[in-house]
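To start, the structure itself, in structure tokens.
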Amino acid sequence: MSAAARRPGPVTLAEIDPDLDQTVEEMRWKVSRYHQLGPMIIEATNDPQLYRTLAARIDERGDLFETFRSRAEKLGIKSPYALIRLVEVAAALTKAPRGHRKSPAANAVLANLKDGIGYAERAASDARVEFIIAQREAKKAAAKLAALGEALQYVEASLG
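Taken in order, the sequence shown gives residues 0 to 159; the numbers are from numbering that gives the first Met the number 0.
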């Protein structure tokens, strides 16, 4: 009988996958920094004062993503984005100060990931609907543009 099976209470991530638990601890700051850099890059492209920092921020974000890719590969996770999301979920379940953190319950991580999938599916569905509506509006606008162009040609031809 394993230690996890004899122990009362929920099974922690550390018990079922110590490598993943260690990855969560090591990567939580990197994931947070990766997300911080996105808006900073956008801001630097629009602000001449910050533009000089743009290349450094892009490089830093690329380096962080390469770290995620390499760790995901080591763990056997197919996508670095999946690892990023997994670290976000597990880190959110362990918000205690450094040194006092406990490994999150595996079933809590699983439940949060399933909830996230549900939300993402709904967001994807909503985005598809919005895309269809936007396509229809674009077709209407193109037809209106064509009609206005024809009307302009007619008036210009009449003026002669």
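Yeah, the Cβ is synthetic: ideal placement off N, Cα and C, and Gly gets one too.
Asked	Found
Let me know if Pro9 comes out buried or exposed under the rule of 16 or more other beta-carbons within 10 Å of its beta-carbon.	exposed
Of the residues Ile83, Val108, Gly159, which one's Cα is nearest the Cα of Trp28?	Ile83
Have a look at Ala55 and Asp62 and give me their C-alpha separation to the nearest angstrom.	10 Å
Whole angstroms are fine: how far does the CA of Leu109 sit from the CA of Arg32?	24 Å
Suppose contacts are defined by Cβ-Cβ distances below 9 Å. Is Arg60 in contact with Ile76 by that definition?	no
Rounded to whole angstroms, how far is the Cβ of Pro103 from the Cβ of Ala119, which I believe are closer than 8 Å?	With a Cβ gap of about 20 Å, Pro103 and Ala119 do not count as contacting.
Look at the alpha carbon of Lys73 and the alpha carbon of Asp58, and state the distance between them as a whole number of angstroms.	23 Å
Just verifying my parser: in three-state terms, what is the DSSP assignment at Gly93?	The question names Gly, yet the displayed sequence has Thr at residue 93. Coil, per DSSP.
Can you tell me the Cα-Cα spacing of Glu87 and Thr52, whole angstroms?	27 Å
Would you say Ala81 and Ala71 are within 9 Å of each other, going by their C-beta atoms?	yes
Is it the case that the Cβ atoms of Ala105 and Glu14 are separated by a distance below 9 Å?	yes
CB-CB under 6 Å to Ile132, same chain, minus the five flanking residues each way: which ones, in chain order?	none
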